[in-house]
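Read the structure below first, then the notes.
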Amino acid sequence: MTADLSVIIPANNEERYIHACLSALLASEGPGALQVIVAANGCTDQTVSLAMARGAAFSGRGWRLDVLDLPALGKMGALNAGDAAATYPARVYLDADVVVSPLLLAQLAEALDDERPRYASGQPHVTAQGWLSRAFARFWIQVPFVADGVPGFGLFAVNGAGRARWDSFPDIISDDTYVRVHFSPDERIKVPASYDWPLVEGFDTLVRVRRRQDQGVAELERLIPDKMTNEGKDAPSSGWLMRRALADPAAFAVYAAVKLAVRLGWARQDGWVRGR
């Protein structure tokens with residue numbers, strides 16, 4: 005048995021990415037029943053028309069594509085609108101620049117076919133173009149929280165019992181962390197199939213996005229401190245850091261430089277930060 009899935013894609017001016025995102029979903033080997041919701045919020049480009057053009061292809065597979073042409077609600081508003089339009093209790097929340105591998109949806113559907121609350125994601129494959137971002141990615145993907153945990157950046161999924169653990173998405177910075185900490189580590193499942201997630205490019209942008217991530221965690225520690233005990237994100241030990249530094253000095257140097265720059269206030273920018 006597998007769960008039927010509603011995939012919710014919040015999208016704001018994603019004309020460069022939405023075709024690849026939807027094409028990858030269409031190439032998926034399951035699940036049996038699938039609804040894809042593109043929650044286009046405040047789009048001024050061709051995101052809506054490009055998404056709507058894929059409707060026949062989804063129908064041809066016996067699946068459903070809904071495109072919501074929304075005003076500028078922000079990401080959380082788009083997620084809430086997608087939830088309101090969802091047909092199936094099990095939900096996949098997918099960023100528009102993420103490309104899933106063919107087996108991922110089927111494996112998520114199987115993992116979520118459980119009466120107990122479940123949170124799931126796949127194996128993230130971090131993509132980057134420039135040498136600096138590639139070096140940062142080499143280090144970051146080996147941090148134990150990423151390598152051994154189920155972080156869910158870019159893609160996370162919950163079953164019906166899991167979705168019942170919160171109401172609407174609040175106006176917060178970090179949706180993936182917010183959802184993840186509603187589940188204990190033993191309620192989280194990482195399936196073997198992968199997905200491509202693009203890392204931001206350039207030192208200043210890496211710093212700004214990393215700072216925004218830290219702000220998102222700090223915000224949740226203020227708002228839901230009881231849930232943050234589920235975070236399970238221990239800092240790497242000094243021995244682990246030393247081994248990684250010796251194994252890949254360039255990657256360690258870039259990662260450490262970004263963290264130091266965040267601490268020193270480099271490239272500070274208030275408000276929402278888009279990485280790409």
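In the working numbering, each number is its position in the sequence shown, counted from 1, plus 4.
All C-beta atoms in this analysis are idealised placements derived from N, C-alpha and C, irrespective of residue type, glycine included.
All values reported here derive from a predicted model rather than from experimental measurement.
Span of the alpha helix (DSSP H), counted from its first residue to its last, around residue i
| i | result |
| --- | --- |
| T181 | D179 to R184 |
| Y259 | P253 to L268 |
| R226 | F207 to L227 |
Range covered by the beta strand (DSSP E) that runs through residue i
| i | result |
| --- | --- |
| G153 | Note, G153: premise wrong, no beta strand (DSSP E); not H, not E. |
| F160 | L159 to V162 |
| A100 | That residue, A100, is in no beta strand (DSSP E); it is neither H nor E in DSSP. |
| D87 | First-last for D87: G78 to A89, but that is the alpha helix (DSSP H), not the beta strand (DSSP E). |
For residue i, the residue or residues it bridges with in DSSP
| i | result |
| --- | --- |
| S125 | K194 |
| A94 | L9 |
| V130 | W201 |
Simplified DSSP state of residue i, which is helix, strand or coil
| i | result |
| --- | --- |
| Q39 | strand |
| W201 | strand |
| I13 | strand |
| V277 | With a pLDDT of 49 at V277, under the threshold of 50, the modelled position of that residue is not reliable, and the figure given next carries that caveat. In the structure shown, V277 sits in coil (DSSP, three-state: anything other than H, G, I, E or B). |
| A44 | strand |
| L136 | helix |
| R65 | coil |
| G250 | Per the sequence presented here, residue 250 reads as Leu, with Gly not at that position. Reduced to three states, the DSSP call for L250 is helix. |
| V52 | helix |
| L74 | strand |
Cα-Cα separation between residue i and residue j, rounded to whole angstroms
| i | j | result |
| --- | --- | --- |
| G243 | V266 | 23 Å |
| Q127 | V154 | 8 Å |
| A24 | I41 | 15 Å |
| A255 | R226 | 32 Å |
| S188 | E235 | 8 Å |
| V283 | V204 | A query on residue 283 cannot be resolved here, the shown segment of the chain reaching from 5 to 280 and no further. |
| N17 | C47 | 5 Å |
Nearest-angstrom Cβ-Cβ length linking residue i and residue j, presumed shorter than 8 Å
| i | j | result |
| --- | --- | --- |
| G206 | G134 | 7 Å |
| A110 | L116 | At roughly 11 Å, the Cβ-Cβ gap does not stay under 8 Å, so A110 and L116 are not in contact. |
| Q39 | R68 | 5 Å |
| A161 | A94 | 7 Å |
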